[in-house]
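S.K.:
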Amino acid sequence: ETGLIRLLRKEIAAVFRDNRMIAVCQNVAMSAEDKILIRHQLRKHNILMKIFPNQVMKPFLEGSKYQTLLPLFVGHNMLLVSQEPKVKEMVRILKTVPFLPLLGE
1 ETGLIRLLRK EIAAVFRDNR MIAVCQNVAM SAEDKILIRH QLRKHNILMK
51 IFPNQVMKPF LEGSKYQTLL PLFVGHNMLL VSQEPKVKEM VRILKTVPFL
101 PLLGE
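Counting with the UniProt record's numbering, you get residues 1 to 105 for the letters of the sequence shown.
1. Check whether the Cβ atoms of residue 60 and residue 13 sit closer than 8 Å, and answer yes or no.
2. Relative to the alpha-carbon of residue 18, which residue among 31, 82 and 97 has its alpha-carbon at the smallest distance?
3. I'd like the list of long-range same chain contacts for residue 5, defined as Cβ closer than 7 Å, with 5 residues on each side in sequence excluded.
4. Express the C-alpha separation of residue 64 and residue 74 in angstroms, rounding to a whole number.
5. Give the straight-line distance between the Cα atoms of residue 71 and residue 20, rounded to the nearest whole angstrom.
6. What residue range does the beta strand (DSSP E) around residue 19 cover?
7. Which stretch, first to last residue, makes up the beta strand (DSSP E) that contains residue 81?
8. Starting from residue 49, follow the beta strand (DSSP E) in both directions and report where the run begins and ends.
9. Please report the distance separating the alpha-carbon of residue 66 from that of residue 84.
10. Helix, strand or coil for residue 100? Go by DSSP, reduced to three states.
See the structure below:
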């Protein structure tokens, strides 16, 4: 186990501990410009976009209270997280981006 994997595990644990809203989206190939624009729109509502590798995310989810999210982590995914539930704002932004599907919350 490398130092990077340990660091990512700590960061994942902090994300799940500190945020009340955690949504899983498919991380599709999109231009850097689109990704920056979406990230900016989400950040205006204090929703952050986090991307972690599945080989680090899956061991964290197994055996945790979030293990029901495990089937969603098959391909490339990203987390949309917020300290307060901002589902309405998140869904409104994601509707403008049809190529970024919401998998679960």
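Glycine residues also receive a C-beta, built at the ideal position from the N, C-alpha and C atoms.
In this text the structure is predicted, and so the values were computed from the model without any measurement.
M.R.: So, from the listed chains and residues:
1. Sequence index remark: in the sequence shown, residue 60 carries index 60 (1-based). Sequence index remark: in the sequence shown, residue 13 carries index 13 (1-based). Yes, these two residues count as a Cβ contact at 8 Å.
2. Translated into the one-based positions of the sequence shown, residue 18 becomes position 18. Checked all of 31, 82 and 97; the closest Cα to residue 18 is 82.
3. By one-based count along the sequence shown, residue 5 stands at place 5. 56, listed in sequence order.
4. Here residue 74 refers to the residue found at position 74 when the sequence shown is read from its first residue. Here residue 64 refers to the residue found at position 64 when the sequence shown is read from its first residue. Taking the straight line joining both Cα atoms gives about 18 Å.
5. Locating residue 71 in the sequence shown gives position 71, where the first residue counts as 1. Locating residue 20 in the sequence shown gives position 20, where the first residue counts as 1. Straight-line Cα distance between these residues: approximately 20 Å.
6. The residue labelled residue 19 in the question sits at position 19 within the sequence shown. Neither: residue 19 is in no beta strand (DSSP E) and is coded neither H nor E.
7. Numbered from its first residue, the sequence shown carries residue 81 at position 81. For residue 81, the uninterrupted beta strand (DSSP E) run begins and ends at 77–82, by DSSP.
8. Taking the first residue of the sequence shown as 1, we reach residue 49 at position 49. First-last of the beta strand (DSSP E) with residue 49: 48–50.
9. By 1-based counting over the sequence shown, the position of residue 66 is 66. By 1-based counting over the sequence shown, the position of residue 84 is 84. Straight-line Cα distance between these residues: approximately 18 Å.
10. Within the sequence shown, the letter at position 100 stands for residue 100. Residue 100: coil per DSSP, three-state reduction.
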